[in-house]
Structure formats: C-alpha cells, structure tokens
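J.: Below is the structure I would like to discuss, written out as structure tokens.
Residue numbers (UniProt numbering): 1 to 455.
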C-alpha cells in the first residue's frame with residue numbers, strides 16, 4: 001500500500017492564505033462560495049480532531065437469547081464492519097456504565113450477527129440497549145487476571161490516576177507463555193486470578209494490601225517498567241491488553257491517564273494536544289516509575305498514544321532510560337491521517353489541508369479552541385525519521401480505517417530502528433482482539449532483544 005503524498009506545513013499555509021485572499025476579493029461567485037464552504041468544513045474537522053468527545057451509542061442490541069445446547073448467553077447485533085470481525089470485543093452501553101464482553105460469532109445473516117456473551121459487568125444488558133463497539137474488553141486489570149494497585153502520578157496539572165501492575169516474580173518461559181487463541185489464558189496468566197473474581201470488585205487477593213493512592217509508600221520494584229499510553233477517545237483501560245504480555249515478560253507496568261482524557265486533570269482549553277503537550281504527563285509517569293525502582297523503561301502506545309510516545313522519547317529528560325517503544329496502530333504523521341480521513345469520508349483533499357493548517361497556524365486557536373497552535377511538523381515522523389533513535393516495534397492492521405497503515409510501513413522502510421508487524425482484518429487498534437496469540441508473541445519475540453540484563 002503506497003503512502004499518499006502528505007501536505008506539508010509550508011504548502012498548506014500558502015494554500016490557506018491564498019484561499020483567504022480569493023475569498024476576500026470576491027464577494028460573489030463560485031470561488032467565494034466554494035472557499036466559504038471548504039473553510040467551514042475544514043473548521044469542523046480541525047475542531048473535531050482536537051476536541052475530546054463521547055463515543056456515540058451506534059450499536060443496538062436486537063435480541064438476547066440462550067444457546068439451546070450450551071445454555072450460554074447470545075446477543076444479536078446489526079452486522080457492521082466491526083461486529084462481523086472474529087475475536088473478542090466489548091459492547092459498552094448505559095453511557096459506559098455497562099460492559100458486555102462479546103466473544104465468537106455463532107451465526108450471521110446479511111443484516112445481523114449473533115455472538116457469544118462472555119460476561120456482563122456494571123449494568124444489565126437488555127434488548128434495545130444502545131452502546132459502542134470497542135476493543136477495550138477489560139474494565140480493570142483484575143478482569144484480565146492481573147493484580148494491580150491504584151496510584152496517583154504528580155503532574156504539572158495535578159494528580160493523574162494510574163494503575164500499577166507488578167511483574168511476575170518468575171517470568172514465564174516464552175514458549176510456555178502464549179495463551180490459547182480463544183481464551184488468551186496462558187499458564188501464568190491463569191494463576192493470577194479470574195474475571196469472575198474481579199467482578200466482585202477491588203484488587204485480587206495476591207495484589208496485597210494496596211497503599212493509599214499516591215502515597216510515598218507506593219509500590220517499589222526494580223528492573224524494567226512498561227509505561228503505557230492510551231489513544232484518543234480512550235482511557236487507561238485500553239492498555240490492559242498490553243499489560244498481560246508485559247507481566248509475562250517480567251516487566252512492571254504503569255498504565256497512565258493524561259490531560260483531557262476524562263480521568264486526569266484537564267487543561268484550561270480542554271483540548272487534545274495530539275502528542276504535542278501530553279508527553280509531559282508521560283514524562284511524569286516515567287519519573288514516578290524511576291522513583292519507585294525502575295531501572296529502564298519501555299513505552300507502549302496505542303493510536304494517538306503512539307504519537308505521544310514518540311514525542312516523549314524525543315523530549316524527555318530521561319531519554320537514557322528509555323530502551324524501546326511498542327506502538328499499536330500509531331499516528332506517525334497527522335498530515336497523512338487527515339488526508340486519509342478526508343479520502344475515507346469522500347471529502348475533497350483540500351479540506352484536510354485546511355484543517356491541518358488551522359491546527360498549526362497562529363490564528364488557528366480562534367477556530368479550534370486550542371490555547372496555542374500545535375506544530376504538526378514536529379509530530380511528522382515520516383519527514384523526521386532520522387530523529388527516531390529508539391528501537392521501535394509497530395503492530396498495525398492493513399485495513400485500519402482510522403490511522404493509515406501506509407505511514408507505519410513507510411517509517412519502518414525508512415528507519416533501521418523501526419520494525420513492522422502487519423495484521424489483516426483488525427481495523428483500528430484491535431490487533432490484539434483479532435489474534436491475541438500472534439500479537440503477544442510478536443512482542444515477546446522482539447522486546448527482550450532490546451532490553452538490558454535487568455528486564
């Protein structure tokens with residue numbers, strides 16, 4: 001899949017200024033109308049990209065029933081590109097208060113798909129319930145059989161909640177650690193608790209007595225820590241999928257929240273920085289990990305979290321401690337992403353160019369609501385590939401409908417430090433969901449080669 005040529009800051013700015021002059025000069029006529037419409041649509045796109053928003057409830061439960069043979073619960077949903085994909089997912093309903101973990105496909109027609117309901121937490125799942133489909137299948141780490149502690153990370157904006165997941169005392173052998181493709185449970189993971197135990201609430205027994213969140217008596221653990229960063233529109237629950245394999249490899253994990261994600265303190269403008277500002281909260285997480293025993297750091301990032309991680313690896317004062325990056329469906333170039341999205345939604349390419357410049361231009365905050373412009377060029381790793389100086393693994397599905405895979409492929413082609421593992425059929429950041437065994441094995445095979453003796 002060839003990467004589409006990206007609009008660059010200079011050309012985008014010139015196009016916008018030229019359009020503005022044309023619009024000002026012509027009070028009537030097609031040129032003025034076209035520019036006004038284009039500018040209005042571009043403004044909507046620019047605001048949408050930087051504004052946190054709630055996920056729409058666009059999936060409706062059509063039918064609930066019991067399987068006549070097994071007695072297991074089944075749910076029938078509208079057939080969509082997401083609900084038809086094999087694997088394990090979640091339906092979040094009741095404004096996010098309910099989580100139904102949805103398993104394999106039992107049957108499907110042209111209009112509907114019926115799947116196994118593995119578990120339901122938080123609220124009762126009923127016919128007619130509306131929610132959104134997501135790859136985030138666990139509400140807390142104990143749902144995945146992981147012990148954890150709730151901690152608070154001091155940031156410049158205030159205390160941000162995070163989860164600490166300790167490493168296994170004796171990491172499982174890689175050849176024994178791979179879970180079954182259906183259940184995802186390996187011999188080590190199975191011994192750490194069960195989702196049913198977690199459903200009762202709280203931390204599983206082996207997590208011990210957790211200290212007060214943010215206490216100086218918080219967890220201390222030497223060795224390598226995985227600091228994990230979720231994506232746009234998500235929260236730290238997205239990272240639980242990565243904590244499973246990190247724990248098996250003997251890494252302690254810190255699953256972060258960051259500004260404007262609905263859990264961490266918000267900024268005055270309440271807008272995403274697309275990685276340009278959030279990296280400071282990740283640096284605070286690294287600092288906390290080092291203060292609590294970490295010797296070296298691996299940064300994990302999903303989607304926009306990948307952009308945040310790349311920015312962090314470049315700017316953090318702890319660069320010498322960051323050994324590797326593991327990125328899933330990452331944004332490596334916002335220009336490419338905006339061009340891709342305009343193509344997907346059949347919007348003229350110039351709209352993406354205008355939106356990108358509205359985000360970057362000094363006058364852009366009047367439109368976007370940002371406190372200050374965002375330098376998207378600084379987040380363009382396709383033109384700055386030589387500045388990627390940390391070993392990086394990218395896992396990305398070829399049919400990603402949100403973040404184009406072409407950018408990840410191109411970055412791996414350009415940089416000798418970047419390795420790429422492709423998936424098919426996973427769509428956006430659901431590589432683990434569609435094939436968790438292959439996803440975790442890819443990390444288990446790659447990561448130990450890039451860590452020191454204390455991993």
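We treat Cβ as the ideally placed atom computed from N, Cα and C, and that holds for glycine.
Using three-state DSSP, classify residue 305 as helix, strand or coil.
T.: Here residue 305 sits in helix by DSSP.
J.: Can you list, in chain order, the residues of its chain whose CB lies under 8 Å from that of residue 333, leaving out five sequence neighbours each side?
T.: Within the same chain, residue 333 has close Cβ partners 6, 379, 380, 381, 382, 383, 407.
J.: Since residue 439 is in the alpha helix (DSSP H), which residue starts that stretch and which ends it?
T.: It spans 436-446 - the alpha helix (DSSP H) in which residue 439 sits, taken as one unbroken run.
J.: Starting from the N-terminal side, write out each stretch of the alpha helix (DSSP H) that is 4 residues or longer and does not extend beyond the segment 333-365.
T.: Taking only runs of at least 4 residues, the alpha helix (DSSP H) segments lying wholly in the segment 333-365 are 334-344, 349-360.
J.: How about the segment 359-378 and the segment 271-288: do they share at least three Cβ pairs that are nearer than 8 Å?
T.: Yes, since at least three Cβ pairs between the segment 359-378 and the segment 271-288 fall closer than 8 Å, the two stretches touch.
J.: Kindly list the residues whose CB is nearer than 8 Å to the CB of residue 451, restricted to its own chain and excluding five residues on each side of it in sequence; keep chain order.
T.: So the qualifying residues of the chain are 224, 296, 298, 323, 324.
J.: Residue 123 by DSSP, collapsed to three states: which one?
T.: Correct three-state label for residue 123: coil.
J.: So which of 343, 54, 409 has the shortest CA-CA distance to residue 95?
T.: Ranking 343, 54, 409 by Cα distance to residue 95 puts 54 first.
J.: Cα-Cα, which of 59, 113, 164, 359 is closest to residue 42?
T.: Cα-wise, what sits closest to residue 42 is 359.
J.: Alpha carbon to alpha carbon, how far is residue 86 from residue 317?
T.: Straight-line Cα distance between these residues: approximately 42 Å.
J.: Do the CB positions of residue 303 and residue 242 come within less than 8 Å of each other?
T.: For residue 303 and residue 242, no; Cβs fall outside 8 Å.
J.: Can you tell which of 121, 248, 337, 84 has its C-alpha closest to the C-alpha of residue 146?
T.: Of the listed residues, the one whose Cα sits closest to residue 146 is 248.
J.: Secondary structure at residue 69, three-state DSSP: helix, strand or coil?
T.: It is coil, neither helix nor strand.
J.: Within the continuous alpha helix (DSSP H) that includes residue 281, where are the two ends?
T.: Here the alpha helix (DSSP H) through residue 281 covers 279-291.
J.: Going by C-alpha to C-alpha distance, which of 309, 401, 290 sits closest to residue 222?
T.: Checking every option, the nearest Cα to that of residue 222 belongs to 290.
J.: What's the call for residue 397, buried or exposed, on a 16-neighbour Cβ count within 10 Å?
T.: It counts as buried.
J.: Tell me which residue opens and which closes the alpha helix (DSSP H) that residue 393 is part of.
T.: Note, residue 393: premise wrong, no alpha helix (DSSP H); beta strand (DSSP E) at 392-397.
J.: What separation, rounded to the nearest whole angstrom, lies between the Cα atoms of residue 309 and residue 435?
T.: Their Cα atoms are separated by approximately 24 Å.
J.: Quick check on residue 187: does DSSP put it in helix, strand or coil?
T.: Reliability of the predicted coordinates at residue 187 is poor, the pLDDT of 29 falling under 50, and the value obtained from them is presented with this limitation in mind. Here residue 187 sits in helix by DSSP.
J.: Excluding the 5 residues flanking residue 417 on each side, which residues of the same chain have their C-beta closer than 8 Å to its C-beta?
T.: Only 388, 389, 390, 391, 392 meet the Cβ criterion.
J.: Starting from residue 409, trace the alpha helix (DSSP H) in both directions and tell me its first and last residue.
T.: First-last of the alpha helix (DSSP H) with residue 409: 405-414.
J.: Identify every residue that forms a DSSP beta bridge with residue 114.
T.: Beta-bridge pairing links residue 114 to 76, 107.
J.: Write down the C-beta distance between residue 288 and residue 153 rounded to the nearest angstrom, noting that I regard them as a contact closer than 8 Å.
T.: So it is a contact: roughly 5 Å between Cβ atoms.
J.: Where residue 48 and residue 234 are concerned, what is the direct C-alpha to C-alpha distance, given to the nearest angstrom?
T.: Distance between the alpha carbons of residue 48 and residue 234: 15 Å.
J.: Does the distance from the CB of residue 63 to the CB of residue 127 come in under 8 Å?
T.: Yes.
J.: Here's a check: name, in chain order, each residue in its chain whose Cβ is nearer than 6 Å to the Cβ of residue 240, leaving out the five neighbours to either side.
T.: Within the same chain, residue 240 has close Cβ partners 138, 141, 144.
J.: Which term fits residue 58, buried or exposed, when burial requires 16 or more other beta carbons within 10 angstroms of its beta carbon?
T.: Label assigned to residue 58: exposed.
J.: Can you tell me where the alpha helix (DSSP H) with residue 246 in it begins and where it stops?
T.: That run of the alpha helix (DSSP H) goes 240-248.
J.: In whole angstroms, give me the CA-to-CA distance for residue 473 and residue 300.
T.: Given a span of 1 to 455 for the chain in the structure shown, any question on residue 473 remains unanswerable.
J.: Excluding sequence positions up to five away, which residues of its chain have a Cβ less than 8 Å from the Cβ of residue 72?
T.: Closer than 8 Å at the Cβ level, and outside the excluded window around residue 72, lie 66, 116, 117.
J.: Less than 8 Å between the C-beta atoms of residue 344 and residue 337, yes or no?
T.: No, Cβ-Cβ distance for residue 344 and residue 337 is not below 8 Å.
J.: Assuming residue 253 and residue 284 are in contact, meaning their beta carbons sit under 8 Å apart, how far apart are those beta carbons, in whole angstroms?
T.: That pair is no contact at about 16 Å.
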